[in-house]
Amino acid sequence: MTDLLVVEDDDQLRKALVLTLRSRGYSVHAAATGSDALEWVRTTRLDVVVLDLGLPDIDGVRVIGQIRERSGVPIVVLSARRDQSDKVTALDAGADDYLTKPFGIEELLARLRAAARRSGAPVDSGVVRTPDFAVDLGRKRVVATTGDEIHLTPTEWGVLEVLVRAGGLLVPGADLLRDVWGPQFEAQTNYLRVYLAQLRAKLEPDQGKPRYLITAPGLGYRFDASGTGG
Ligand code: CA
0 MTDLLVVEDD DQLRKALVLT LRSRGYSVHA AATGSDALEW VRTTRLDVVV LDLGLPDIDG
60 VRVIGQIRER SGVPIVVLSA RRDQSDKVTA LDAGADDYLT KPFGIEELLA RLRAAARRSG
120 APVDSGVVRT PDFAVDLGRK RVVATTGDEI HLTPTEWGVL EVLVRAGGLL VPGADLLRDV
180 WGPQFEAQTN YLRVYLAQLR AKLEPDQGKP RYLITAPGLG YRFDASGTGG
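The opening position of the sequence shown corresponds to residue 0 in numbering that gives the first Met the number 0, with each subsequent residue numbered one higher.
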């Protein structure tokens, strides 16, 4: 299991991140201040640190420097600051990656997988097979049963990944929009129509009769790996 430390002083955001990341199979510790974060780094083996830059006690960039004095753990920075120089300062101080708030949870998960891969931590690397193609969640690619890779755009992959990881359960359209595009896009159901059509064109043997990417009208979408469309 990948051990994460989430450092965020915004109670609501911290709790939401902890819940979401736990539901995605991470072991998650949480800190609300820079000094708590440094205590965790001193005492616990961590695979990735997710660090908000605006902390109440110690500036986030200084926290990065102090973590780096004792640990090479990958650091993914979260910041509401849009200033490009903050990004450079954080990266120069030793951060590995940088996300500007607001961000979509799928984007954070992608950065965490990349960070965990770099640190050699185990990643969720399942392959989900259907009669026509296989979805490799670890390598983020789709391979047809003929052996040819089916190329997806990053957004197409994001939509497919959320549906596949739901394990056949219905994913409400608003959840899909929030996970792939971000919370401010929950009402953009036209995005889903566009991207589902693109995915079906690439993955479905008969786009007019989807077997894998099933629409539940007015509710959402689900992925049927059996390909029976049932
Ligand atoms: Ca903050």
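Glycine included, C-beta positions come from ideal geometry on N, C-alpha and C.
Source: prediction; values computed, not measured.
Assigned exposure category for residue i - 16 Cβ within 10 Å defines buried
| i | result |
| --- | --- |
| G217 | exposed |
| R112 | buried |
| L18 | exposed |
| S22 | exposed |
| P130 | exposed |
| S78 | buried |
Beta strand (DSSP E) segment containing residue i, residue limits
| i | result |
| --- | --- |
| V27 | S26 to A30 |
| A133 | F132 to D135 |
| T99 | D96 to T99 |
| R128 | V126 to R128 |
| R140 | R140 to A143 |
Any chain D beta carbon closer than 8 Å to residue i
| i | result |
| --- | --- |
| I149 | Absent from the structure is chain D; it holds one protein chain and no more. |
Residue range of the alpha helix (DSSP H) that includes residue i
| i | result |
| --- | --- |
| A79 | Careful: A79 lies outside any alpha helix (DSSP H) and carries neither H nor E. |
Per-residue DSSP class, three states only, for residue i
| i | result |
| --- | --- |
| A224 | coil |
| R164 | helix |
| D35 | helix |
| I57 | coil |
| L3 | strand |
| L45 | coil |
| L52 | coil |
Heavy atom of ligand 1 within 7 Å of residue i beta-carbon
| i | result |
| --- | --- |
| D8 | yes |
| R175 | Here residue 175 turns out to be Leu, not Arg, going by the sequence shown. No, Cβ of L175 sits at least 7 Å from all heavy atoms of ligand 1. |
| G33 | no |
| D58 | no |
| L54 | yes |
| D85 | no |
3-residue-minimum beta strand (DSSP E) runs that sit fully inside the segment 185–217, ordered along the chain = Counting whole runs of 3 or more residues, the segment 185–217 contains the beta strand (DSSP E) stretches 212–215.
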